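Data first, discussion second: the structure below is written as structure tokens.
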Amino acid sequence: AFFKVQEGLNFFITYYASLADFKAVLNRLTSFDEAIERARALGQRAQLIESAPAPNRSVEVADLSLNLPDGRLIVEQGNFTLAPQEPTLVTGPTGSGKSTVFRALAGIWPYAQGHVITPAGARVLLLPQRPYIPIGTLRAALAYPAAADAYEDAAVRDALAAVQLQDFESKLDTEENWAQRLSGGEQQRVAVARALLAKPDWLFLDEATAALDEVSEARIYKALAERLPQTTIVSIGHRSTLAAFHKRRIDMRQIAPGVHAPVPGELAAAAE
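For the sequence shown, my numbering gives the first residue as 1, with consecutive numbering after it.
Written out as structure tokens, the structure reads:
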């Protein structure tokens with residue numbers, strides 16, 4: 001009887017590692033299933049942000065309210081217009097909801113309500129503070145999300161030079177993990193070069209040049225203004241020097257503890 005008990009206990013000792021692996025897989029599958037159910041529930045909710053063609057090519061926002069996933073209100077009384085070819089700077093303290101407003105305008109923040117009228121067929125590009133750099137060639141990283149061969153070689157090299165990355169021209173077709181090879185500032189330059197190639201109608205910069213020094217940042221904004229005259233730039237930034245490259249401001253002002261409202265206003269003339 002003793003040996004039978006010992007044999008039974010040996011089963012757990014022998015297969016403990018396998019059981020632990022199985023439990024870990026089961027936990028991941030359960031979490032994945034729960035995430036799918038949450039996504040389905042969000043999809044079944046009423047459309048909180050309504051997008052419709054805008055005849056005057058502006059982005060019009062009315063009665064925008066944004067919540068965190070736990071239900072806490074962070075942005076309220078969102079009423080403003082983003083006019084074409086009028087670069088706008090979004091300012092406010094950390095945690096005031098600036099990036100969340102960007103996500104809502106892009107239609108990727110479901111915890112929202114209000115009305116957003118966007119231009120029909122507008123091409124929109126959002127550059128975050130930490131851009132996605134896929135593993136592969138530098139040419140593919142510059143073209144992303146388009147195919148690596150989407151742009152002429154001369155255009156790619158010109159975009160590299162515009163963001164002061166001309167030293168990498170010889171490595172355009174080198175396969176590497178560029179997210180590890182490039183510094184934070186260089187990755188942001190790659191993202192800006194990506195915008196120069198894509199030529200979007202609307203370019204949202206979510207602290208997309210924060211890793212650069214002020215002189216380099218100024219060069220980047222001048223390059224964007226010169227090379228993308230038909231693109232409307234909307235930026236999030238903390239440096240006062242950014243005001244020179246924008247005509248309008250949206251300031252996130254606190255109206256209650258933890259709640260901010262976007263307040264539109266004018267800025268001084270943009271830098272020449």
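The C-beta atom is built at its ideal place from N, Cα and C for all residues, glycine as well.
Since we're looking at a predicted model, the values are computed, not measured.
Restricting to runs no shorter than 3 residues, where is the beta strand (DSSP E) found entirely within the region 166–237? 202–206 and 232–236
So, under 8 Å CB-CB, Ala-223 and Ala-140 are touching, yes? Tell me the CB distance rounded to an integer number of Å. At roughly 22 Å, the Cβ-Cβ gap does not stay under 8 Å, so Ala-223 and Ala-140 are not in contact.
From Thr-174, Thr-118 and Ala-112, residue whose alpha carbon lies closest to that of Gly-78: Ala-112
Are Leu-68 and Ala-104 closer than 8 Å when you measure CB to CB? no
Using DSSP with H/G/I as helix, E/B as strand and the rest coil, what is Asn-27? helix
Which same chain residues, not among the five before or five after Arg-194, have their C-beta less than 6 Å away from its C-beta? Leu-142
By a C-beta neighbour count over all protein chains shown, 10 Å radius and 16 as the cutoff for buried, is Gln-187 buried or exposed? buried
According to the Cβ coordinates, are Lys-247 and Leu-228 closer than 8 Å? no
Can you tell me where the alpha helix (DSSP H) with Val-75 in it begins and where it stops? Not the alpha helix (DSSP H): Val-75 falls in the beta strand (DSSP E), residues 73–82.
Check whether chain B comes within 8 Å of Leu-172, counting only Cβ atoms and requiring the distance to be less than that. Absent here is chain B; the protein component of the structure consists of one chain.
Answer yes or no: do Arg-123 and Pro-53 have a C-beta to C-beta separation smaller than 8 Å? no
Check whether Ile-133 and Leu-182 have beta carbons under 8 Å apart: yes
Would Thr-231 pass as a contact of Leu-212 if the rule is Cβ separation under 8 Å? no
With a CB to CB cut of under 6 Å and the five nearest residues on each side skipped, what residues in its chain are close to Ala-106? Leu-126
Which one of Leu-242, Leu-197 and Val-190 has the shortest CA to CA distance from Val-215? Leu-242
Contiguous beta strand (DSSP E) assignments of at least 3 residues, all confined to the region 94–127: 112–117 and 124–127
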